[in-house]
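Going by the working numbering, the sequence shown opens with residue 800, and the numbers climb by one from there.
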Amino acid sequence: MKRILFVVFIMFAFISCKDEKKAVKEEVAEENKPEVKLYTFNGGTVFVNNLELFSQDTTYRGQTREFSDPFYVISHPKGNLMWDAGLPEMLVPTPEPYTDPSGAFTVSRKDSVINQLKTIGMSPDDIKFLALSHTHFDHSGHANTLKDATWLVQEKEYEFITSEEAQKNNADIYGAIAELKNVQKLQGDFDVFGDGSVVIKSMPGHTPGHQVLYLDLAESGPMLLSGDLYHLDENREHRRVPSFNFDVDQTLASMEDFEAFAKEKNAKVYIQHHKEDFNQMPKAPEYLK
């Protein structure tokens, strides 16, 4: 009996020691987290006059919706990353919103990237990396303003947007990134600063090289910025794919990968075009000298 009690005692002590070591290890990892800050900026507003475009069927026929169009600065001890670039800045001085020839979208933008960066004491020269979720016009608006930054882009997206066909048939979209010469082509996921706190995740389908951004912030924990994998809560819930996506099957596969990763990391998901999500994001404070 004494021998049994002794064995039980040893096993209990071993398990307790193991649990304590695990707790200490997790505590140390938490303390060693880099100080990563996220600033959210207003890159304009997109009023969707024809929401039916955002599904493969007639689910949204006759509906309209107002989308936010943010861009972000992620401040890391090793440098600053800008994620997405809002609507074209030629809209800034325009007194009236612009409606595209098809009538599907009405867009507006109130302020430039230079003015907005000033609110956190930065200028374009302070941005080390630029990453666009993809190269559609509402995500690349002021990209050329950051021509000295290193553009982190999936190789397939780069080939897509710089092709002769794109330059000929989508000259404005190509022109939005034409001045970016410091290019780092990615082939899949990319840990920007090498410590797991800022990770670009390849999620193709909306465009050939669409990507999303994972952040592990010291203050608020893990989060995912969706790019245009989702535009609406309903599309996330029902896995609806916009009619203009590059590849439907790739999009659905990316949705599955995204949700599995979000669950694995227990990450809060922010749908970038969703106004309610935009309103919840940490905004840039007024910079005080």
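Even glycine gets a Cβ: it sits at the ideal position worked out from N, Cα and C.
Residue of the options minimising C-alpha distance to residue i
i        : options                                  : result
Leu-837  : Lys-967, Asp-1032, Ser-1025 and Ser-1019 : Ser-1019
Leu-880  : Phe-928, Gly-940 and Leu-1024            : Phe-928
Asp-988  : Met-921, Asp-856, Gly-842 and Ser-932    : Ser-932
Gly-974  : Leu-985, Gln-983, Lys-984 and Thr-961    : Thr-961
Gly-1026 : Ala-1052, Gln-1071 and Lys-980           : Gln-1071
Tyr-1029 : Ala-948, Thr-905 and Arg-1038            : Arg-1038
Asn-849  : Glu-865, Pro-1021 and Gly-843            : Glu-865
Phe-840  : Thr-949, Lys-1067, Asn-1034 and Thr-918  : Thr-918
Asn-969  : Asp-924, His-935, Asn-981 and His-941    : His-935
Met-921  : Leu-945, Tyr-1069 and Pro-1021           : Leu-945
Lys-1074 : Gly-843, Leu-1051 and Glu-1063           : Gly-843
Lys-832  : Leu-979, Lys-877, Leu-916 and Ala-1061   : Lys-877
Gln-986  : Lys-980, Ile-999 and Leu-979             : Ile-999
Pro-1021 : Ala-1061, Val-1047 and Thr-1050          : Ala-1061
Thr-1050 : Asn-1065, Gln-1010, Phe-904 and Ile-873  : Gln-1010
Leu-1024 : Glu-851, Asp-925 and Asp-1076            : Asp-1076
Leu-1012 : Lys-967, Glu-964 and Lys-1064            : Lys-1064
Phe-992  : His-875, Lys-967 and Phe-1045            : His-875
Asp-910  : Leu-886, Glu-1036 and Gln-862            : Leu-886
Ser-867  : Arg-908, Ala-930 and Phe-1045            : Arg-908
Gln-862  : Glu-963, Phe-904, Asp-924 and Ala-930    : Phe-904
Trp-882  : Phe-1045, Pro-923 and Glu-963            : Pro-923
Ala-930  : Lys-967, Pro-896 and Asp-990             : Asp-990
Rounded distance between the beta-carbons of residue j and residue i, thought under 8 Å
i        : j        : result
Phe-846  : Leu-1031 : That belief does not hold up - the Cβ atoms of Phe-846 and Leu-1031 are roughly 14 Å apart, past 8 Å.
Gly-1008 : Val-952  : 7 Å
Leu-1014 : Val-1040 : At roughly 25 Å, the Cβ-Cβ gap does not stay under 8 Å, so Leu-1014 and Val-1040 are not in contact.
Ser-939  : Ala-884  : 5 Å
Trp-950  : Val-982  : 5 Å
Ala-1017 : Val-835  : 6 Å
Ile-926  : Ala-948  : 5 Å
Residue i - partner residues in DSSP beta bridges
i        : result
Ala-930  : Trp-882
Glu-845  : Looking at the sequence shown, residue 845 is not Glu but Val. Val-845 pairs with Phe-866 and Val-906.
Pro-1021 : Asp-1015
Gln-983  : Leu-951
His-935  : None, per the DSSP bridge assignment.
Asp-990  : Val-998
Ile-873  : Leu-837 and Leu-880
Val-1068 : Leu-1023
Thr-1093 : Not covered by the structure: residue 1093. The range shown for the chain is 800 to 1088.
Lys-917  : Answer is none; Lys-917 lacks a bridge partner.
Lys-1082 : Thr-839
Gln-1010 : Ser-1001
Outcome for residue i when other beta-carbon atoms lying within 10 angstroms are tallied against a minimum of 16
i        : result
Lys-1043 : In the sequence as presented, Lys is not what sits at residue 1043; that position holds Phe. Per the 10 Å Cβ criterion, exposed.
Cys-816  : For Cys-816, the predicted model reports a pLDDT of 49, less than 50, meaning its position is unreliable; a value from the coordinates is still stated below. Under this definition Cys-816 is an exposed residue.
Asp-937  : buried
Asp-899  : exposed
Gly-995  : exposed
Pro-869  : buried
Gln-855  : exposed
Arg-860  : exposed
Gln-1079 : exposed
Pro-1081 : exposed
Asn-1034 : buried
Gln-915  : buried
Leu-979  : buried
Ala-942  : buried
Val-1047 : exposed
Glu-888  : buried
Lys-821  : Any reading at Lys-821 is ruled out, since the residue's pLDDT is 44, under 50, leaving its predicted position unreliable.
beta-carbon residue i near the ligand FAD non-hydrogen atom, thresh 7 Å
i       : result
Leu-979 : With respect to the ligand FAD, the structure offers nothing, as it holds no ligand at all.
Item to complete: Spell out a yes or no on whether the segment 999-1006 and the segment 945-958 are touching, meaning 3 or more CB-CB pairs, one atom from each, closer than 8 Å.
Response: The segment 999-1006 vs the segment 945-958: in contact.
Item to complete: Tell me, please, whether the segment 879-894 touches the segment 1051-1059 by the rule of three or more beta-carbon pairs shorter than 8 Å.
Response: no
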